[in-house]
Amino acid sequence: LDKANSTKKKEFIDMAKVSCFKVLDRDSLNGDANFKLATIYYNNGANIIMKTMTLDTPIDSIPIYEEMANKLFLQSLPFMQRAFKSKPHCPKIIEGLMGIYYSLNDEENFKKYKALFDKLTEDIQKGLIKEDCI
């Protein structure tokens, strides 16, 4: 049953990716499609780390899994950057960039987007900026 659910989930994810790429063929800066693709790739990378790497994982396998996850994080980055260009006042997009840079151990960019996130959420709470999300 678990394998069947996993297969169905992969099919749905593949269909979502195809749909997003169709949207991006028409509008490469579509914030929603870029955000969704970035999230799919990021989550696939995070799943490698969270579900594949366990306490029983042989030490010599860890760099292989890390490399696989990092490739997916890097694959998610341009999509999230385009989503940010489209919707710079969306906290969840900035959180996405923070997560990607954190996962890539890019402390400088993580801190940059963390500061931006903190400022944006403060400005939204004060009513200075309207949240603009997908």
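Under my numbering, the final residue of the sequence shown carries the number 1470; numbering is consecutive throughout.
Heads up, the beta-carbon is just placed ideally off N, CA and C, and yes, glycines get one too.
Helix, strand or coil at E1347 [DSSP, three-state]: In the structure shown, E1347 falls within a helical segment according to DSSP collapsed to helix, strand and coil.
Own chain, CB closer than 7 Å to L1337, minus 5 neighbours either side, in chain order: The pLDDT assigned to L1337 is 44, lower than 50, so where the model puts this residue is not dependable; a value taken from the coordinates is nonetheless given after this. Cβ neighbours of L1337 beyond the five flanking positions: none.
Beta-carbon contacts of L1373 that lie in its chain and below 7 Å, excluding the five residues immediately before and after: K1353, C1356 and F1415
C-beta contact flag for H1425 and L1391 at 9 Å: no
Closest by C-alpha distance to L1433, when choosing among A1451, K1466 and F1446: F1446
Proximity test, D1368 beta-carbon vs the ligand FMN heavy atom, cut-off 8 Å: Ligands are entirely absent from the displayed structure, and the ligand FMN is therefore not among its contents.
Cα-Cα separation, F1409 to G1463: Approximately 33 Å, taken between the alpha carbons.
Simplified DSSP assignment, three categories, for E1472: This structure cannot settle anything about residue 1472, because the visible part of the chain is limited to 1337 through 1470.
Proximity below 9 Å, CB of G1381 to CB of A1405: yes
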